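S.K.: Using our numbering, the letters of the sequence shown map in sequence onto residues 73 to 461.
Here it is: the structure, laid out below.
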Amino acid sequence: LTAPKHVLVTGATGVVGVEVANRLAGAGHAVLALVHRNQSLVLNNGKRLSTVGGPDPAGGTIACVRGDVTKPRLGLDAADYRRLQSSIGMIVHCAAIVDFGRAPAVYQSVNVDGTAAVLALAQAAPDGPPPLVHVSTAYVAGERRGTVLEEELDVGQRFANAYEESKCRAEGLVREAVAGGLPAAIVRPSIVVGATRTGAIRDFKTIYAVLKTLTEGRVRSIPAYYGATLDLVPVDYVADVVAHAALRFDDAVGKTLHAVSAAPLTLRDFSDVLAEYPPFHVPRFVPPETFDVERLPLLERKYYDRIVSLYESYFTRRVAFDNAATLEFMGRAPAMRLRPFLRRLLDYCMRVRFLGRPLPDVGTVLADLHSSDRPGGDGASADGVVAAT
Ligand SMILES: NC(=O)c1ccc[n+]([C@@H]2O[C@H](COP(=O)([O-])OP(=O)(O)OC[C@H]3O[C@@H](n4cnc5c(N)ncnc54)[C@H](OP(=O)(O)O)[C@@H]3O)[C@@H](O)[C@H]2O)c1
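Take a look at the structure:
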């Protein structure tokens, strides 16, 4: 009798990786979670996953292996590396540097060389290469306009940043390995945001940093087209697509799957919904041809350079990610309607005070009104919001 093989999940503490690891363990797989600096597995809803010790988890459980995709043998000693290689029956590769603004060498080392290291692990496995699910990004399309097909990769596009370029090169390596006989499926999420039903997100990174800068009025105008499209996809849908690709690998092998929203949001939608929130500043979208960064006030310019400029090109792109193969594979798009979903994301951000200051509820307003009737009452609530009369 041979022991059941493990599923290795890299980037298993990440926003996507932990959700995938949880789904695979939930389906009865023995999961080896490759952890790097952070070692706690916390789901998007804040729940911590329990893990078991040792390199040999039973079905339905998760064990952590500490490693680094930039190091030789993933940072493991020779014996542990060999044991890992012979024990894994599948790899789900989620590890990457996702935030923008790092030195190009960082993306090369983690995203490109790290993917090469994961491929090398698979290719030298004693029983032949195990299946690989590689998590890429829809933005390997770079600054392409129009409709991007799932099977397309390098069509000579320009990239907006070193992250996009590195993910495109990493996907290119996976495709080369596939041509050499590695069984693989590729999943390309767009911009990963909060959960479909609750809007909750564990980490406020990427687009959330821009959202904060803009809604706080730290940058009041940006170069953008109201017709530009932003593709925001709920984290649970992305994790479902990645986990399904692993669980139903025979159906997924050879496919590239765009894990994207039901339809992209235009900046017009974005602007209209922001305007519904009194605490938010709504940025002015200025056509790039007439925008002059030199004319921004000094402090605004600093925020612009540090945060908004990294995402600038996302506000001018008109791109749609075709997801025919994903719809066929999953049988569904994310269950979201665009503007209500954006409101859900914003409501969550306000509830946890990442954005804005929540307006007082009716009870608080009435209590404040009554307190203003009393001698000494001034109608101000505890957090300084003056009640409307
Ligand atoms: N988030 C998005 O909007 C988005 C959109 C499209 C595609 N994707 C893709 O989805 C995948 C997962 O993204 P995510 O949002 O879950 O990212 P994340 O939350 O930033 O997680 C990244 C994971 O990679 C690990 N990692 C980083 N450097 C590593 C190294 N040298 N060795 C081993 N592990 C390392 C991190 O561990 P430590 O924190 O301990 O370093 C973390 O567990 C990535 O491939 C990303 O490109 C993400």
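Positions of the beta carbon are idealized from the N, C-alpha and C atoms, including for glycine.
Quick caveat, the model's predicted, so the values are computed rather than measured.
Less than 7 Å separating the Cβ of residue 312 from some heavy atom of ligand 1?
M.R.: As a working note, residue 312 is residue 240 in the sequence shown. No, ligand 1 has no heavy atom inside 7 Å of this Cβ.
S.K.: Start and end of the beta strand (DSSP E) containing residue 162?
M.R.: Within the sequence shown, numbered from 1, the residue matching residue 162 stands at position 90. Unbroken beta strand (DSSP E) run through residue 162: 160 to 165.
S.K.: Using 8 Å as the threshold, is the C-beta distance between residue 259 and residue 314 below it?
M.R.: Reading the sequence shown from its first residue, position 187 is the one you call residue 259. Reading the sequence shown from its first residue, position 242 is the one you call residue 314. Yes; because the gap between Cβ atoms is below 8 Å, this pair is in contact.
S.K.: Heavy atom of ligand 1 less than 7 Å from the Cβ of residue 227, yes or no?
M.R.: For this step, residue 227 is matched to residue 155 along the sequence shown. No - ligand 1 has no heavy atom lying nearer than 7 Å to the Cβ of residue 227.
S.K.: Any heavy atom of ligand 1 within a distance shorter than 7 Å of the CB on residue 77?
M.R.: In the sequence shown, the residue the question calls residue 77 occupies position 5. Residue 77: no, Cβ never under 7 Å from ligand 1.
S.K.: Just to confirm, is the Cβ distance from residue 372 to residue 291 under 8 Å?
M.R.: Reading the sequence shown from its first residue, position 300 is the one you call residue 372. Reading the sequence shown from its first residue, position 219 is the one you call residue 291. Their beta carbons are under 8 Å apart, which means residue 372 touches residue 291 by this criterion.
S.K.: Leaving aside the five residues before and after residue 92 along the sequence, list all residues of the same chain whose C-beta is less than 7 Å from its C-beta, in chain order.
M.R.: Working through the sequence shown from its first residue, we reach residue 92 at position 20. So the list reads 81, 164, 166, 311, 314, 315, once near-sequence residues are dropped.
S.K.: Which same chain residues end up closer than 8 Å to residue 140 when comparing Cβ atoms and leaving out the 5 residues on each side of it in sequence?
M.R.: Counted from its first residue, the sequence shown places residue 140 at position 68. So the list reads 108, 146, 147, once near-sequence residues are dropped.
S.K.: Going by C-alpha distance, which of 309, 154, 125, 351 is nearest residue 288?
M.R.: Here residue 288 refers to the residue found at position 216 when the sequence shown is read from its first residue. Here the closest residue by C-alpha is 351.
S.K.: In whole angstroms, what is the alpha-carbon distance linking residue 361 and residue 124?
M.R.: Taking the first residue of the sequence shown as position 1, residue 361 is located at position 289. Taking the first residue of the sequence shown as position 1, residue 124 is located at position 52. Cα to Cα, residue 361 sits roughly 57 Å from residue 124.
S.K.: Alpha carbon to alpha carbon, how far is residue 157 from residue 298? Give it in angstroms, no decimals.
M.R.: Against the sequence shown, residue 298 aligns to sequence position 226. Against the sequence shown, residue 157 aligns to sequence position 85. Taking the straight line joining both Cα atoms gives about 50 Å.
S.K.: What ranges does the alpha helix (DSSP H) occupy inside the segment 354 to 386, keeping only unbroken runs of at least 4 residues that lie completely in it?
M.R.: 370 to 375
S.K.: Check each candidate in 238, 235, 244 and name the one with the smallest Cα separation from residue 224.
M.R.: Mapped onto the sequence shown, residue 224 falls at position 152. Checking every option, the nearest Cα to that of residue 224 belongs to 244.
S.K.: Evaluate residue 151 with the Cβ neighbour count: other Cβ atoms within 10 Å of its Cβ, from every protein chain shown; 16 or more gives buried, anything less gives exposed.
M.R.: To locate residue 151, count along the sequence shown from 1; it is residue 79. So residue 151 ends up on the exposed side.
S.K.: Helix or strand or just coil, what does DSSP make of residue 78?
M.R.: Working through the sequence shown from its first residue, we reach residue 78 at position 6. Here residue 78 sits in strand by DSSP.
S.K.: Put residue 176 into one of helix, strand or coil per three-state DSSP.
M.R.: As a first step, residue 176 is located in the sequence shown; it is residue number 104 there, counting from the start. Looking at residue 176 - three-state DSSP - the assignment turns out to be helix.
S.K.: If you measure between the beta carbons of residue 116 and residue 274, is that distance less than 8 Å?
M.R.: The residue you call residue 116 lines up with position 44 of the sequence shown. The residue you call residue 274 lines up with position 202 of the sequence shown. Annotated as proximal: residue 116 and residue 274, with beta-carbon spacing under 8 Å.
S.K.: In angstroms with no decimal places, state the Cα-to-Cα distance between residue 441 and residue 427.
M.R.: Mapped onto the sequence shown, residue 441 falls at position 369. Mapped onto the sequence shown, residue 427 falls at position 355. Annotation: residue 441 to residue 427 spans about 26 Å, alpha carbon to alpha carbon.
S.K.: Is it the case that the CB of residue 137 approaches a heavy atom of ligand 1 more closely than 7 Å?
M.R.: As a working note, residue 137 is residue 65 in the sequence shown. Not under cutoff, so the answer is no.
S.K.: So is the beta-carbon of residue 108 under 7 Å away from any non-hydrogen atom of ligand 1?
M.R.: Here the question's residue 108 lines up with position 36 in the sequence shown. Yes, since a heavy atom of ligand 1 falls inside the 7 Å radius drawn around the Cβ of residue 108.
S.K.: Would the C-beta of residue 394 count as close to ligand 1, meaning under 7 Å from any of its heavy atoms?
M.R.: Here the question's residue 394 lines up with position 322 in the sequence shown. It does not: the Cβ of residue 394 is nowhere closer than 7 Å to a heavy atom of ligand 1.
S.K.: What residue range is occupied by the uninterrupted alpha helix (DSSP H) comprising residue 342?
M.R.: Here residue 342 refers to the residue found at position 270 of the sequence shown. Unbroken alpha helix (DSSP H) run through residue 342: 339 to 347.
S.K.: When you compare each of 272, 233, 196, 336 to residue 392 by their alpha carbons, which one comes out closest?
M.R.: To locate residue 392, count along the sequence shown from 1; it is residue 320. The shortest C-alpha separation from residue 392 is found at 336.
S.K.: Taking only three categories from DSSP, how would you classify residue 219?
M.R.: Here residue 219 corresponds to residue number 147 of the sequence shown, with the count starting at 1. Strand, per DSSP.
S.K.: For the segment 99 to 107 against the segment 128 to 140, are there 3 or more C-beta pairs whose distance is under 8 Å?
M.R.: Flag = yes, the segment 99 to 107 and the segment 128 to 140 touch.
S.K.: Just mark residue 364 as buried or exposed, buried being the case when its beta carbon has 16 or more other beta carbons within 10 Å.
M.R.: In the sequence shown, counting from the first residue as 1, residue 364 sits at position 292. It is exposed - the Cβ of residue 364 has fewer than 16 other Cβ atoms within 10 Å.
S.K.: Answer with buried or exposed for residue 219, where buried requires no fewer than 16 other C-beta atoms within 10 angstroms of its C-beta.
M.R.: Residue 219 sits at position 147 when you count from the first residue of the sequence shown. Flag for residue 219 reads exposed.
S.K.: Can you tell me the Cβ-Cβ gap for residue 407 and residue 268, rounded? I've got them flagged as a contact below 8 Å.
M.R.: Along the sequence shown, read from residue 1 onward, the residue named residue 407 stands at position 335. Along the sequence shown, read from residue 1 onward, the residue named residue 268 stands at position 196. Right, their Cβ atoms sit about 6 Å apart.
S.K.: Taking the alpha carbon of residue 119 as the point to measure from, which residue in 177, 94, 279 has its own alpha carbon closest?
M.R.: Looking up residue 119 in the sequence shown gives position 47. The candidate whose alpha carbon is nearest that of residue 119 is 94.
S.K.: Taking 7 Å as the cut-off, is the C-beta of residue 262 nearer than that to any heavy atom in ligand 1?
M.R.: One-based indexing of the sequence shown puts residue 262 at position 190. It does: the Cβ of residue 262 is within 7 Å (strictly closer) of some heavy atom of ligand 1.
S.K.: What span of residues does the alpha helix (DSSP H) with residue 104 cover, start to end?
M.R.: Locating residue 104 in the sequence shown gives position 32, counting from the first residue. It is not in any alpha helix (DSSP H) - residue 104 instead sits in the beta strand (DSSP E) that spans 102 to 107.
S.K.: Shortest alpha-carbon distance to residue 205 belongs to which of 327, 368, 344?
M.R.: Here residue 205 refers to the residue found at position 133 when the sequence shown is read from its first residue. Nearest option by C-alpha distance: 327.
S.K.: What did DSSP end up calling residue 90 once you bin it into helix, strand or coil?
M.R.: Within the sequence shown, the letter at position 18 stands for residue 90. Helix.
S.K.: Work out the CA separation of residue 374 and residue 366 for me, nearest whole Å.
M.R.: Stepping through the sequence shown from its first residue, residue 366 is reached at position 294. Stepping through the sequence shown from its first residue, residue 374 is reached at position 302. Each residue's Cα considered, the two are about 11 Å apart.
S.K.: Between residue 308 and residue 414, is the Cβ-Cβ spacing less than 8 Å?
M.R.: Position 236 of the sequence shown, counted from the first residue, corresponds to residue 308. Position 342 of the sequence shown, counted from the first residue, corresponds to residue 414. The answer is no: Cβ separation not under 8 Å.
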